[in-house]
Amino acid sequence: MRWTDSTNTFRCSPRADAARTIGGVTPHRIDRLWPDPASDLSLDAAFEAFALPPAPEGRPLVAINMVTTVDGRAQVGGKADALSSRPDRRLMRLLRAAFDAVGSGVGTLRADDFYSRVPEDLAARRVAAGRPAQPTALLIAGRAPVPTDRRWFTYAEQPRVVVVGSGSPHAPRDGEEAEVPLAVETWVAPTELPEAPWLLERLTAAGVGSLLLEGGPTTNASFLAADALDEAFWTIDASLVGSDALPMIASIPGGSPWADAPRQGRLVSVHRSGDELFLRYRFGAVNP
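Take 7 as the starting number for the sequence shown in this note's numbering and just add one per residue.
Given below as structure tokens:
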């Protein structure tokens, strides 16, 4: 699962520790390794021209943003927050600002008290571009009750949608109110668990052209199974754990259609912050 603005204290490099905060934003320094190598760049400046490719025909563009150890684990001690540095935290927010919606599975909400907003400087940038100040926050649940005591439910200025399965206590039955109604917009899937193709149809109908997934691994796997992962933003933390912690993408139930013929990606960019790498891959027919 992705670190998502929890209240923990995060480590950062000595260079970032020494940096002064300007306008509320710490000017993190990074190196661009590929393409067009350059050293000692401002992270914000390096991603100033960041843009998404056009969405595939008939559905939103879908990307995942995850952080893992070198041995591919997305958690330490059952959580992802120990893997996220301050530069990675800022990059996560820059990526969020580019998308129409930011989605997470309910397992991430249970593990971490997070929210999916962007800070004021990026909200202002979105407004200046004629977009809503905040991306829509999407919470993907299933049958089990949703923990409504989390901060995710408290930020009324951000559009929020909870997606549940037909067997959820938050789903109305026989035209009556749900057993446990939610105080935010709720979409009920026609199946016991929400399926990615149906959800993408709903998002398209709602005018959402791009979706950034921040985990967890099961949610990521559901979109991969539907052949609906177009980009991957992958932060590699310079650590090894050798544990059975969750990976970036869980095993696909019933077997992966890509097990014998993996989906091949194209490397778009590589940046470095100290010993940490920020990778961007593109998959499928999405161009350019």
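Glycine residues also receive a C-beta, built at the ideal position from the N, C-alpha and C atoms.
Whose C-alpha, out of the options, is nearest the C-alpha of residue i?
| i | options | result |
| --- | --- | --- |
| Arg123 | Trp204, Leu101 and Ala117 | Leu101 |
| Ala211 | Asp281, Pro66, Thr192 and Trp158 | Pro66 |
| Ala147 | Leu58, Ala177 and Ile242 | Ala177 |
| Pro200 | Gly215, Val169 and Ala44 | Val169 |
| Ser216 | Ser228, Leu235, Glu198 and Leu230 | Leu235 |
| Ala103 | Arg79, Ala135, Arg35 and Met72 | Ala135 |
| Ala251 | Arg35, Ala80 and Glu54 | Ala80 |
| Leu89 | Val247, Tyr287, Leu273 and Arg286 | Val247 |
| Asp119 | Phe239, Asp94, Arg156 and Ile36 | Arg156 |
Could you compute how far the alpha carbon of residue i sits from the alpha carbon of residue j?
| i | j | result |
| --- | --- | --- |
| Ser245 | Met254 | 15 Å |
| Ala284 | Ala184 | Residue identity check: residue 284 is Phe in the sequence provided, not Ala. Approximately 43 Å between the Cα atoms of the pair. |
| Ile196 | Leu206 | Checking the sequence shown, residue 196 turns out to be Pro, not Ile. If you take the alpha carbons of Pro196 and Leu206, they lie about 14 Å apart. |
| Gly113 | Leu128 | 27 Å |
| Gly221 | Gly111 | 6 Å |
| Arg38 | Pro60 | 24 Å |
| Ala162 | Asp266 | 45 Å |
| Arg132 | Arg99 | 12 Å |
| Arg96 | Gly181 | 44 Å |
| Leu219 | Ser275 | 19 Å |
Looking at residue j and residue i, is the spacing between their C-beta atoms short of 8 Å?
| i | j | result |
| --- | --- | --- |
| Leu115 | Pro175 | no |
| Ser262 | Ser91 | no |
| Ala44 | Gly84 | no |
| Thr74 | Asp106 | no |
| Ser232 | Pro259 | Checking the displayed sequence, the identity of residue 232 turns out to be Ala instead of Ser. Taking 8 Å as the Cβ cut-off, Ala232 and Pro259 do not qualify as a contacting pair. |
| Ala69 | Glu237 | yes |
With burial defined as no fewer than 16 other Cβ atoms inside 10 Å of the residue's Cβ, what is the status of residue i: buried or exposed?
| i | result |
| --- | --- |
| Leu144 | buried |
| Thr160 | exposed |
| Gln140 | buried |
| Gly171 | buried |
| Trp158 | buried |
| Ile28 | Note that Ile28 scores a pLDDT of 46, beneath 50, so its modelled location is shaky; the value from the coordinates is reported in the next line. Classification for Ile28: exposed. |
| Asp87 | buried |
| Whole runs of the beta strand (DSSP E) within the region 33-112, excluding any shorter than 3 residues | 35-40, 44-48, 67-74 and 107-111
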